[in-house]
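The structure appears below as structure tokens.
Residue numbers (this note's numbering): 24 to 405.
See below:
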């Protein structure tokens with residue numbers, strides 16, 4: 024018996040489909056077993072890959088890690104798998120939005136996009152008829168105490184980045200330039216304006232906690248921007264189902280061509296130190312395939328990264344049209360910087376913005392701090 028080990032993240036969306044696909048794979052390959060461990064959502068975002076590549080054959084990763092992984096040669100480069108060149112080309116054309124491309128760095132493909140997500144709106148369809156279409160509508164609903172917005176540090180920088188992208192002025196454009204100071208200040212002002220209308224608890228919440236609350240209670244019924252979780256749209260996952268929709272425009276002037284938001288999702292990576300690369304490749308490409316993504320992967324609790332699954336009628340009927348309702352935002356999604364050092368900036372910047380939202384600090388001081396840390400991030404791993 025050959026045993027391969029994998030590490031994924033601790034949520035039904037991240038863990039259950041890996042267990043289900045591994046069991047199915049072992050049925051077809053009786054001499055192979057794949058075992059999975061899981062880590063918290065925070066550890067998923069923070070734990071360095073180099074601490075796991077010697078213990079696991081598979082690692083489910085977030086795409087900003089690929090810069091570090093490429094530089095340190097921690098993950099297998101799928102572009103080297105010549106026997107799978109056709110499958111890799113197909114996935115590059117049929118992943119949702121920039122999901123597949125987000126794991127491509129320095130001409131190497133370091134993961135297959137098995138899961139796709141981006142910040143979108145979420146609401147209780149049984150309690151809200153008129154869905155906000157822009158930030159002004161969101162503020163009006165927040166003034167009625169109907170809104171939650173998860174603002175723990177990780178997601179503070181997510182939303183700052185998303186608003187910048189939504190305004191068509193993403194960070195790191197041009198490269199190594201954080202953001203125009205005036206635009207950055209406007210984003211901070213807008214975030215604080217909305218935060219002041221929300222419960223203090225939002226500053227400690229993540230999307231899962233927010234969706235759990237909205238699904239179980241009737242007083243908070245809307246969130247304007249959080250990573251979509253299709254599980255909450257499924258019958259029986261929680262007390263009440265949540266419907267997701269495209270993210271509202273955060274442009275108050277309507278003069279800017281609005282884009283999407285900061286994509287997330289996960290990729291299935293293979294450790295460069297695995298002793299079973301060939302077997303790992305066979306499993307990984309099957310999990311990422313149209314057939315698996317549109318059937319077992321979704322129906323075992325996953326949130327596919329394959330476009331055919333997102334457009335699948337049966338899947339959308341099962342999930343309150345989760346995929347078709349958020350596809351526009353997903354297809355316009357913005358990819359975070361992936362250079363070796365960005366993860367440092369993401370960690371420190373999130374805390375800076377979170378502290379700012381709970382203080383009287385001036386926006387000018389905060390944008391200078393963020394700019395300084397962004398510039399520093401290009402040198403932290405040299």
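Every residue gets a Cβ at the ideal spot worked out from N, C-alpha and C, and that includes glycine.
Cut-off 6 Å between Cβ atoms - residues of its own chain near residue i, not counting five sequence neighbours on either side
i: residue 326; result: 36, 138, 253
i: residue 195; result: 360
i: residue 339; result: 346, 347
i: residue 91; result: 363
i: residue 381; result: 226
i: residue 30; result: 60, 75, 79, 82
i: residue 334; result: none
i: residue 309; result: 315
i: residue 179; result: 373, 376, 377
i: residue 100; result: 131
i: residue 123; result: 114, 115, 136
i: residue 104; result: 304
i: residue 102; result: 131, 132
i: residue 367; result: 400, 403
i: residue 204; result: 390
Which residues DSSP lists as bridging residue i, in chain order
i: residue 132; result: 127
i: residue 224; result: The partner list for residue 224 (beta bridge, DSSP) is empty, contrary to what the question assumes.
i: residue 291; result: 83, 135
i: residue 32; result: 62
i: residue 329; result: 118
i: residue 311; result: Beta-bridge pairing links residue 311 to no other residue.
i: residue 157; result: 272
i: residue 56; result: 26
i: residue 357; result: 285
i: residue 170; result: 245
i: residue 98; result: 294
8 Å contact criterion, which residue i and residue j should meet: CB distance rounded
i: residue 190; j: residue 273; result: 7 Å
i: residue 294; j: residue 98; result: 7 Å
i: residue 28; j: residue 85; result: Actually they are not in contact, since the Cβ atoms of residue 28 and residue 85 sit about 19 Å apart, beyond 8 Å.
i: residue 164; j: residue 155; result: 6 Å
i: residue 107; j: residue 304; result: 6 Å
i: residue 324; j: residue 39; result: 4 Å
i: residue 257; j: residue 342; result: 6 Å
i: residue 245; j: residue 146; result: 4 Å
i: residue 161; j: residue 217; result: 7 Å
i: residue 351; j: residue 117; result: 18 Å between Cβ atoms; not a contact.
i: residue 56; j: residue 63; result: Not really, about 25 Å apart at Cβ, beyond 8 Å.
i: residue 270; j: residue 143; result: 5 Å
i: residue 171; j: residue 237; result: 6 Å
Burial state of residue i, where buried means 16 or more other Cβ atoms lie within 10 Å
i: residue 221; result: buried
i: residue 135; result: buried
i: residue 280; result: The pLDDT assigned to residue 280 is 48, lower than 50, so where the model puts this residue is not dependable, and the model offers no usable value.
i: residue 88; result: buried
i: residue 73; result: exposed
i: residue 24; result: exposed
i: residue 266; result: buried
i: residue 114; result: buried
i: residue 243; result: buried
i: residue 377; result: buried
i: residue 132; result: buried
i: residue 278; result: Because residue 278 carries a pLDDT of 44, less than 50, the predicted location of this residue cannot be relied on, and no value is offered for it.
i: residue 26; result: exposed
i: residue 396; result: buried
i: residue 213; result: buried
i: residue 149; result: exposed
i: residue 3; result: The displayed coordinates of the chain run from 24 to 405. Any statement about residue 3 would go beyond what the structure contains.
i: residue 51; result: exposed
i: residue 288; result: buried
First through last residue of the alpha helix (DSSP H) which encompasses residue i
i: residue 187; result: 176–189
i: residue 350; result: 345–354
i: residue 267; result: Segment 266–268 is the beta strand (DSSP E) holding residue 267; no alpha helix (DSSP H) there.
i: residue 90; result: 89–95
i: residue 342; result: Note, residue 342: premise wrong, no alpha helix (DSSP H); not H, not E.
i: residue 316; result: Neither: residue 316 is in no alpha helix (DSSP H) and is coded neither H nor E.
i: residue 238; result: 230–239
i: residue 365; result: 365–380
i: residue 217; result: 204–218
i: residue 73; result: That residue, residue 73, is in no alpha helix (DSSP H); it is neither H nor E in DSSP.
i: residue 392; result: 386–400
Same chain, Cβ closer than 7 Å to residue i, neighbours up to 5 away in sequence not counted
i: residue 321; result: 327, 332, 338
i: residue 394; result: 201
i: residue 94; result: 363
Cut-off 8 Å between Cβ atoms - residues of its own chain near residue i, not counting five sequence neighbours on either side
i: residue 120; result: 139, 141, 283, 286, 353, 354, 355, 356
i: residue 239; result: 261, 262, 263
i: residue 235; result: 261
i: residue 54; result: 24, 25
i: residue 300; result: 99, 293
i: residue 58; result: 26, 27, 28, 29, 45
Residue interval of the beta strand (DSSP E) (run including residue i)
i: residue 250; result: 245–250
i: residue 144; result: 142–146
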